[in-house]
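Notes to accompany the following structure.
Numbering (full-length UniProt numbering), first residue to last: 1 to 531.
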């Protein structure tokens, strides 16, 4: 077999094209994070105006009056409302830290407006951090996989022959993600950046209030600080994308048996002196180290690398590429680019089939969780005895699957709680189940019994459904928060509360318990995206 010896121009072009694509893909991550900043900015401004707006009209308070107001105690309901925002956080570590922080003993008795402002601002900064970590992690995993396989493809096409290679191991992906190549892992830098942001935002709002700054100016200064935060996030995403891509490409060199790589700088008027000095230098793959001889060399670095093929590799590359559908080995034509290669497989096997196989493999982990959930809900009526049959149902029997999926919530709502439901469902799924069961309480009461006995029945049923719903939630932190802020009261406690709050007699309190048994907390419904 005659092996092709590609030109330097080929390797340079392919390496630069790959890096350009990785950064185009990173645009989506930047967009997601920017939205998180914008949402937090709106919330922070709104919260500040809600706390202070009715007291201060563009500087009508003296410094002494403002300071006195800042140290007033806020109603417990306002503090509970702030803490409820923790439910928006997905990362369990961040959630746990925020719960510990806001449930600290210091806040058990009284919370001042200043403390509430600081903690709401800090919480919003961590909601940003959570969104940034989630979006970045997903984006980086995509970049790592894309870089590994595209580099393998370019190597095969470059030498005019294909060869088998191992998939990127999950442990290698984890190693790349968690490597503190610049001194800190990217999630730690996100945490530090949002710490600084929270401090700066608190200073802007507090100083503005103390000095009598109007709300319009405060919003303007808030936007300026947020823009600084957005820039820091963009810088981190771009720099880490360069690192993830180059680290993954280095892994592809190792898998392909390539011993050396060439450093490639983007040569224009923005290229740093450091990257210019490293341009086209050859390094050993085993000695690759980000920031030393492997990009990124600095923030916003656009440099990349390309394979430097020695004679040893050229002689050993006698294997073929594997077709992802058939599993058979096939040569990759030298003239074929990546879209053309994919199109040839689509044409040969049908694009729908290739897409289905790709989706089945990509979604295997999430599909397994979905299969377990649907088995709990449907049982034998699901029509899939095992995971293979479930994926066949999901990807090959569209109409049947759509019917099953569309009826899932309705079937769940009609099902009574059982122990196997514990910790298996999402917040929205559980909330809909709870609302449905609550609505049926009044209709199931024994109307021939006394009003007190009906109140006992309604109270018992509601506490039962509330307890079961929280047991069903997979989000244990949110369940714990509900248990803390929306506690199950005894009948006597509930009657006394209604008599005190609403000025009702005991019989009127019993009637109110019956009347409100089918109603659910609007704020919790909103938090779980139901209103």
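Yeah, the Cβ is synthetic: ideal placement off N, Cα and C, and Gly gets one too.
Open item on the list: Tell me the DSSP secondary structure of residue 190 in three-state form.
Closed with: Taking the first residue of the chain shown as 1, we reach residue 190 at position 190. The answer is helix: DSSP assigns residue 190 an H, G or I state.
TODO: Please confirm if the stretch 394-403 is in contact with the stretch 439-456, defined as three or more CB-CB distances below 8 angstroms between the two stretches.
DONE: no
- [ ] Assign residue 79 to buried or exposed, taking buried as 16 or more other Cβ atoms, counted over all protein chains shown, within 10 Å of its Cβ.
- [x] Here residue 79 is taken as the residue at index 79 of the chain shown, counted from 1. That one is buried.
Open item on the list: Counting only beta-carbon separations shorter than 9 angstroms, does residue 513 have a partner in chain D?
Closed with: Considering every chain present, this structure includes no chain D. It has just one protein chain.
Open item on the list: Going by DSSP in three states, residue 318 sits in which element: helix, strand or coil?
Closed with: Counted from its first residue, the chain shown places residue 318 at position 318. Confidence is the limiting factor: at residue 318 the pLDDT is only 37, short of 50, which leaves the residue's position unreliable, though a coordinate-based value still follows. Three-state result, residue 318: coil.
Task: Reduced DSSP category for residue 338 - H, G, I as helix; E, B as strand; rest coil - done: Residue mapping note: residue 338 aligns to position 338 of the chain shown, counting from 1. Note that residue 338 has pLDDT 42, beneath the 50 cutoff, so the model's placement of it is unreliable and the number below is only indicative. Helix, per DSSP.
Open item on the list: Tell me which residues share the same chain as residue 316 and place their Cβ nearer than 7 angstroms to its Cβ, disregarding the 5 neighbours each side in the sequence.
Closed with: Within the chain shown, numbered from 1, the residue matching residue 316 stands at position 316. Confidence at residue 316 is low in this model, with a pLDDT of 38, below 50, so the placement of that residue is unreliable and no value is reported for it.
Task: Simplified DSSP state of residue 311, which is helix, strand or coil - done: Residue 311 sits at position 311 when you count from the first residue of the chain shown. Because residue 311 sits at a pLDDT of 49, beneath the cut-off of 50, its placement in the model cannot be relied upon, and the point is left open.
Open item on the list: For residue 429 and residue 477, I'd like the C-alpha separation in whole angstroms.
Closed with: Sequence index remark: in the chain shown, residue 429 carries index 429 (1-based). Sequence index remark: in the chain shown, residue 477 carries index 477 (1-based). About 16 angstroms.
Open item on the list: Quick check: what's the CA-CA separation for residue 406 versus residue 412?
Closed with: Position 406 of the chain shown holds residue 406. Position 412 of the chain shown holds residue 412. The alpha-carbon atoms of residue 406 and residue 412 are separated by roughly 11 angstroms.
Open item on the list: Could you compute how far the alpha carbon of residue 149 sits from the alpha carbon of residue 423?
Closed with: On the chain shown, position 149 is the one that residue 149 refers to. On the chain shown, position 423 is the one that residue 423 refers to. So the alpha carbons of these two residues sit roughly 37 angstroms apart.
TODO: Please confirm if the stretch 105-119 is in contact with the stretch 14-21, defined as three or more CB-CB distances below 8 angstroms between the two stretches.
DONE: no
TODO: Answer with buried or exposed for residue 90, where buried requires no fewer than 16 other C-beta atoms within 10 angstroms of its C-beta.
DONE: Reading the chain shown from its first residue, position 90 is the one you call residue 90. The residue in question, residue 90, is exposed, as its Cβ has fewer than 16 Cβ neighbours within 10 Å.
Open item on the list: Measuring straight from C-alpha to C-alpha, what distance separates residue 307 and residue 151?
Closed with: Along the chain shown, read from residue 1 onward, the residue named residue 307 stands at position 307. Along the chain shown, read from residue 1 onward, the residue named residue 151 stands at position 151. C-alpha separation (whole angstroms): 9 angstroms.
Open item on the list: How far does the beta strand (DSSP E) with residue 260 in it extend, from its first residue to its last?
Closed with: By 1-based counting over the chain shown, the position of residue 260 is 260. Taken as a continuous stretch (DSSP letters only), the beta strand (DSSP E) holding residue 260 covers 260-264.
- [ ] Could you tell me whether the stretch 381-397 touches the stretch 347-362, using the rule of 3 or more Cβ pairs below 8 angstroms?
- [x] yes
- [ ] Assign residue 497 to one of two classes, buried (16 or more other C-beta atoms within 10 Å of its C-beta) or exposed (fewer than that).
- [x] As a working note, residue 497 is residue 497 in the chain shown. With fewer than 16 other Cβ atoms within 10 Å, it is exposed.
Task: Limits of the unbroken beta strand (DSSP E) element including residue 282 - done: In the chain shown, the residue the question calls residue 282 occupies position 282. Element bounds for residue 282: 282-284.
Open item on the list: Just verifying my parser: in three-state terms, what is the DSSP assignment at residue 527?
Closed with: Within the chain shown, residue 527 is the residue found at index 527, counting from 1. Here residue 527 sits in helix by DSSP.
- [ ] Would you decide whether residue 252 is buried or exposed? Buried here means 16 or more other CB atoms lie within 10 Å of its CB.
- [x] Translated into the one-based positions of the chain shown, residue 252 becomes position 252. Per the 10 Å Cβ criterion, buried.
Task: Simplified DSSP state of residue 294, which is helix, strand or coil - done: What you label residue 294 is simply residue 294 of the chain shown in a count that begins at 1. Note: residue 294 maps to strand in three-state DSSP.
- [ ] List the DSSP bridge partners of residue 490.
- [x] Against the chain shown, residue 490 aligns to sequence position 490. Note: residue 490 sits in no beta bridge, so no partner.
- [ ] If I'm right that residue 530 touches residue 466 with Cβ under 8 angstroms, what's the distance once you round it to whole angstroms?
- [x] As a working mapping, residue 530 is identified with position 530 in the chain shown. As a working mapping, residue 466 is identified with position 466 in the chain shown. Incorrect: roughly 16 angstroms between the Cβ atoms, too far for contact.
Task: Identity of the residue in 180, 238 and 291 nearest residue 263 by Cα - done: Residue 263 sits at position 263 when you count from the first residue of the chain shown. Of 180, 238 and 291, the residue nearest in Cα terms is 291.
Task: One or two residues paired with residue 304 in a DSSP bridge - done: Residue numbering aside, residue 304 sits at position 304 when the chain shown is read from its first letter. Paired residues: 264.
Open item on the list: What would DSSP say about residue 152, mapped onto helix, strand or coil?
Closed with: Position 152 of the chain shown, counted from the first residue, corresponds to residue 152. Helix at residue 152.
Open item on the list: Using 9 angstroms as the threshold, is the C-beta distance between residue 185 and residue 197 below it?
Closed with: The sequence position of residue 185 within the chain shown is 185, counting from 1. The sequence position of residue 197 within the chain shown is 197, counting from 1. No, the pair does not count as a contact, with Cβ atoms beyond the cut-off.
- [ ] Whole angstroms is fine: what's the gap from residue 521's alpha carbon to residue 175's?
- [x] If you number the chain shown from 1, residue 521 lands on position 521. If you number the chain shown from 1, residue 175 lands on position 175. Straight-line Cα distance between these residues: approximately 44 angstroms.
Task: Complete runs of the alpha helix (DSSP H) confined to the stretch 396-438 [at least 4 residues] - done: 398-413
Open item on the list: Comparing C-alpha positions only, which one of 139, 82, 138 and 397 sits nearest to residue 122?
Closed with: The residue given as residue 122 occupies position 122 in the chain shown. Nearest C-alpha to residue 122: 82.
- [ ] Count the other CB atoms, across all protein chains shown, that sit within 10 Å of the CB of residue 154; report buried if there are 16 or more and exposed otherwise.
- [x] Within the chain shown, residue 154 is the residue found at index 154, counting from 1. Buried, since its Cβ has 16 or more Cβ neighbours within 10 Å.
Open item on the list: For residue 418 and residue 233, I'd like the C-alpha separation in whole angstroms.
Closed with: On the chain shown, position 418 is the one that residue 418 refers to. On the chain shown, position 233 is the one that residue 233 refers to. Between residue 418 and residue 233, the C-alpha separation is close to 45 angstroms.
Task: Close beta carbons around residue 483, own chain, < 8 angstroms, minus the five adjacent residues each side - done: Mapped onto the chain shown, residue 483 falls at position 483. Correct list, in chain order: 470.
Task: Collapsed DSSP secondary structure at residue 289 in the structure displayed - done: Residue numbering aside, residue 289 sits at position 289 when the chain shown is read from its first letter. In the structure shown, residue 289 sits in coil (DSSP, three-state: anything other than H, G, I, E or B).
TODO: Determine the direct distance from the alpha carbon of residue 247 to that of residue 541, and round the result to whole angstroms.
DONE: For the chain, the structure presents residues 1 to 531; residue 541 sits outside this window and is missing.
TODO: Taking residue 369 as the reference, give the member of 474, 435 and 298 with the closest Cα.
DONE: Position 369 of the chain shown, counted from the start, is the residue given in the question as residue 369. Of 474, 435 and 298, the residue nearest in Cα terms is 474.
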